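Student: In the UniProt record's numbering, the protein residues as written are 1 to 446.
1. Taking three-plus beta-carbon pairs below 8 angstroms as touching, is the segment 169-179 in contact with the segment 189-200?
2. So, are the CB atoms of residue 200 and residue 173 less than 8 angstroms apart?
3. Ends of the beta strand (DSSP E) at residue 396?
4. In this structure, does DSSP put residue 63 in helix, strand or coil?
5. Please state whether DSSP places residue 102 in a helix, a strand or coil.
6. Note down, in chain order, each residue of its chain lying with its Cβ closer than 7 angstroms to the Cβ of residue 274, except the 5 sequence neighbours on either side.
7. So for residue 312, helix, strand or coil by DSSP?
8. Could you tell me the distance, in whole angstroms, from the CA atom of residue 229 to the CA atom of residue 289?
9. Between 57, 96, 100 and 95, which lies nearest to residue 83 when the distance is taken from Cα to Cα?
10. Near residue 254, which residues of its chain fall below 7 angstroms by C-beta distance, leaving aside the five closest residues on each side in sequence?
11. Between the segment 202-212 and the segment 237-246, do at least 3 Cβ pairs fall closer than 8 angstroms?
12. Could you work out which residue in 347, 323, 435 and 321 is closest to residue 165 when comparing CA atoms only?
13. Helix, strand or coil for residue 296 per DSSP?
14. Do residue 293 and residue 338 have their beta-carbon atoms positioned less than 8 angstroms apart in this structure?
15. Taking DSSP's pairing of strands, which residues face residue 24 in a bridge?
16. Apart from the five residues just before and just after residue 6, which ones in its own chain have a Cβ nearer than 6 angstroms to its Cβ?
17. Does DSSP put residue 82 in a helix, a strand or coil?
18. How would you call residue 303, buried or exposed, if buried means at least 16 neighbouring beta carbons within 10 angstroms?
19. I'd like to check one pair, residue 249 with residue 140: are the Cβ atoms closer than 8 angstroms?
20. Apart from the five residues on each side of it in sequence, which residues of its chain come closer than 8 angstroms, Cβ to Cβ, to residue 162?
21. Less than 8 angstroms separating the beta-carbons of residue 350 and residue 220?
22. Along the chain, where does the alpha helix (DSSP H) that runs through residue 76 open and close?
23. Within its chain, find whatever has a CB closer than 7 angstroms to the CB of residue 94; leave out the 5 residues flanking it on each side and keep chain order.
24. Could you give the DSSP three-state label for residue 401: helix, strand or coil?
25. Which of the three DSSP states is assigned to residue 1 in this structure?
26. How close, in whole Å, do the beta carbons of residue 59 and residue 81 come, if the pair is a contact with beta carbons under 8 angstroms?
27. Would you list the one or two residues that DSSP bridges to residue 19?
28. At a cut of 8 angstroms, does the segment 328-337 reach the segment 389-397 through at least three beta carbon pairs?
29. Among the residues of its own chain, which have a CB less than 7 angstroms from the CB of residue 142, if the five just before and after it don't count?
30. Which whole-angstrom value describes the C-beta separation of residue 388 and residue 96, a residue pair presumed to lie in contact below a C-beta threshold of 8 angstroms?
31. In whole angstroms, give me the CA-to-CA distance for residue 343 and residue 218.
32. Beta-carbon separation of residue 69 and residue 316 under 8 angstroms?
33. With distance defined between alpha-carbon atoms, name the residue in 277, 429 and 415 nearest to residue 129.
34. Under a three-way DSSP split, which group does residue 242 fall into?
35. Assuming residue 266 is part of the alpha helix (DSSP H), what are its boundary residues?
36. Less than 8 angstroms between the C-beta atoms of residue 252 and residue 263, yes or no?
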C-alpha cells in the first residue's frame, strides 16, 4: 500500500481543494514544493547557528534529521519542518555575555541545556497525549504565554545592537531590505523577507569589499559536519540548565499553534489529536540535536506560509525537504560561506527578527483579547518585560538565574498569586477573561 494517495490528476489543485497530508501530487511537483520548503526554512535555520556560534552544517543536519523523525513519530499525518528555534538564542548567547559563543567548551556546555529542554518537552508531550492540553491553558493563559514569548525576543535587543553598531551602514541597508520585501511582495516572497534581506545585505557587503573569503579554496565540497558532544559530566554545564528551561514554554506554544493551524487550514479537527505526538517528536529531535552539536528545533511558521500559498499539506514534500537539508549538511564549503556573513548583516536582520519574536507574544494577547484594564494583567507584563529588557539576574553562589528565567517566574507568580488574592478580596483586579468584541477591528468600516 503506498504511503500517499495521488491527489486528483497529480498536477493541479482545484479551487477550494487542498492536498491533504496523506496525499501527494506527482513526484516532480512534490520535489518542487519540497524545494520551496527548503528555501522557506533556510533563512531562519542558518541564522541561529550563525548567531550562537554553533556549526552551520551540523545544525542543518539535525534540522533535517529532526524533520524526518517528526514525520515518523507523528505517523506521517502532520506536515511540519523542524527548523532551528530562536527561543534558544538568549540562553545560549548568555553563556558569553550575550555574544556569539567562542570556544568548544562553551558550545558543549550550552548543548546540555538544549538537550535538557528536549527531554522536558518530550515528557510534557507524553502527558499531553494522556490528558490533553487543558492544563497548559490553565498554567499559561494568554497574558502569561504572550509575556513569556515576547520577553525572550526583547531580552535579545542588546545583542542586536552590538552587531548593528559594528557596521551601521550595512546593518541599515539589510534592515531596510527586510522591511521592503515584507511589504512589496505578497505570498511566498513576502514570507521569506528575512532570508531575502540577508541576501541583499550579503551582496552589498560583497560589492563594498566587506567579505572575507580567505581560505575558502582549502575547504572541501564534501565532508562530515563538525560534531560536539554535550558536556553532561561538567557540573558547570548543569548549573546553566535553569536558564534554558523557560524555552520549553515557547516550544509548547509553537507546537500547539502549529497543530491547530494545520487542522484549521485542512478543515480536519482530528489533526488536533496529534498535539501530544508533535511535542514528543520535537522533544526527541531537540534532545538528539543537543546531544551531538545541533540547535534546538521547533515547528516552522515559515513553512506554514508555503502550505497556505500552495494549498499542499502533503507530508511527502517534507520528506523531500528533510532529505535535502541532510545532503546540504555534508558540504563544509556551504558552512564556510555562511560563516562569512558580516556582523552588520546580522545586526540588521536581528533587529527585525528579535522584535518579531516579541510581536508574536503580543499577537497572542490580541488574538485572545486580553483585558489590560485589569491590574493583574498589567503587572504580569510590566514587571516581566522590564526584567527581560534590563537583563535582571539573581544568584546564590555559583547558581545563577538569568533574565529570561527571572522574568518567566515573575510572570507566573504575579498572575496566579495576584488572581488568587484579587478574587479572595473581590477587588476586581483579577483577570476577568477576554474583553468582549465591540465590532470590526482595524479602522472604520467602508
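In this text, a Cβ means the ideal position worked out from N, Cα and C, and glycines have one as well.
What you are looking at is a predicted structure, and each value in this text was computed from that prediction instead of being measured.
Tutor: Let me spell this out:
1. yes
2. As a first step, residue 200 must be located in the chain shown, where it is residue number 200. As a first step, residue 173 must be located in the chain shown, where it is residue number 173. Yes; because the gap between Cβ atoms is below 8 angstroms, this pair is in contact.
3. For the purposes of this step, residue 396 is identified with residue 396 of the chain shown, where counting begins at 1. That run of the beta strand (DSSP E) goes 394-396.
4. Taking the first residue of the chain shown as position 1, residue 63 is located at position 63. Residue state, collapsed to three classes: helix.
5. As a position in the chain shown, residue 102 is number 102, starting the count at 1. Coil at residue 102, not helix or strand.
6. For the purposes of this step, residue 274 is taken as the residue at position 274 of the chain shown. Taken in chain order, the residues that qualify are 74, 77, 78 and 259.
7. Against the chain shown, residue 312 aligns to sequence position 312. Residue 312 falls in the strand class under three-state DSSP.
8. Position 229 of the chain shown holds residue 229. Position 289 of the chain shown holds residue 289. Their Cα atoms are separated by approximately 10 angstroms.
9. Residue 83 sits at position 83 when you count from the first residue of the chain shown. Of the listed residues, the one whose Cα sits closest to residue 83 is 57.
10. Counting from one through the chain shown, the residue named residue 254 turns up at place 254. Counting only Cβ-Cβ distances below 7 angstroms, and skipping sequence neighbours, we find 298 and 299.
11. no
12. Residue numbering aside, residue 165 sits at position 165 when the chain shown is read from its first letter. Per the Cα distances, 347.
13. Position 296 of the chain shown, counted from the first residue, corresponds to residue 296. Residue 296: coil per DSSP, three-state reduction.
14. Numbered from 1 along the chain shown, position 338 holds the residue referred to as residue 338. Numbered from 1 along the chain shown, position 293 holds the residue referred to as residue 293. It is not a contact, given that the beta carbons lie outside the stated cut-off.
15. Within the chain shown, numbered from 1, the residue matching residue 24 stands at position 24. DSSP, once it has assigned bridges, lists 6 as partnering residue 24.
16. Taking the first residue of the chain shown as 1, we reach residue 6 at position 6. No residues qualify anywhere along the chain.
17. On the chain shown, position 82 is the one that residue 82 refers to. Correct three-state label for residue 82: strand.
18. Along the chain shown, read from residue 1 onward, the residue named residue 303 stands at position 303. With 16 or more other Cβ atoms within 10 Å, it is buried.
19. Indexing the chain shown from 1 puts residue 140 at position 140. Indexing the chain shown from 1 puts residue 249 at position 249. It is a contact, given that the beta carbons lie within the stated cut-off.
20. Here residue 162 refers to the residue found at position 162 when the chain shown is read from its first residue. Same-chain partners within the cutoff: 98, 99 and 347.
21. The residue given as residue 350 occupies position 350 in the chain shown. The residue given as residue 220 occupies position 220 in the chain shown. No, the Cβ-Cβ distance between residue 350 and residue 220 is not below 8 angstroms.
22. The sequence position of residue 76 within the chain shown is 76, counting from 1. Where residue 76 is concerned, there is no enclosing alpha helix (DSSP H), given that its DSSP letter is neither H nor E.
23. Position 94 of the chain shown holds residue 94. Counting only Cβ-Cβ distances below 7 angstroms, and skipping sequence neighbours, we find 243 and 402.
24. Within the chain shown, residue 401 is the residue found at index 401, counting from 1. Three-state DSSP puts residue 401 in a strand.
25. For this step, residue 1 is matched to residue 1 along the chain shown. Its pLDDT being 40, under 50, residue 1 is placed unreliably in this model, and the value from its coordinates should be taken loosely. In this structure, residue 1 counts as coil in the three-state DSSP scheme.
26. As a position in the chain shown, residue 59 is number 59, starting the count at 1. As a position in the chain shown, residue 81 is number 81, starting the count at 1. Between residue 81 and residue 59 the Cβ distance is about 13 angstroms, and since that is not below 8 angstroms, they are no contact.
27. The count along the chain shown starts at 1 and reaches residue 19 at position 19. Note: residue 19 sits in a beta bridge opposite 312.
28. no
29. By 1-based counting over the chain shown, the position of residue 142 is 142. Same-chain partners within the cutoff: 364, 365, 368 and 370.
30. Within the chain shown, numbered from 1, the residue matching residue 388 stands at position 388. Within the chain shown, numbered from 1, the residue matching residue 96 stands at position 96. That belief does not hold up - the Cβ atoms of residue 388 and residue 96 are roughly 18 angstroms apart, past 8 angstroms.
31. Locating residue 343 in the chain shown gives position 343, counting from the first residue. Locating residue 218 in the chain shown gives position 218, counting from the first residue. For residue 343 and residue 218, the distance between alpha carbons rounds to 23 angstroms.
32. Here the question's residue 69 lines up with position 69 in the chain shown. Here the question's residue 316 lines up with position 316 in the chain shown. No, the pair does not count as a contact, with Cβ atoms beyond the cut-off.
33. Position 129 of the chain shown holds residue 129. The candidate whose alpha carbon is nearest that of residue 129 is 277.
34. Numbered from 1 along the chain shown, position 242 holds the residue referred to as residue 242. Helix at residue 242.
35. Residue numbering aside, residue 266 sits at position 266 when the chain shown is read from its first letter. First-last for residue 266: undefined, no H or E at that position.
36. One-based indexing of the chain shown puts residue 252 at position 252. One-based indexing of the chain shown puts residue 263 at position 263. It is not a contact, given that the beta carbons lie outside the stated cut-off.
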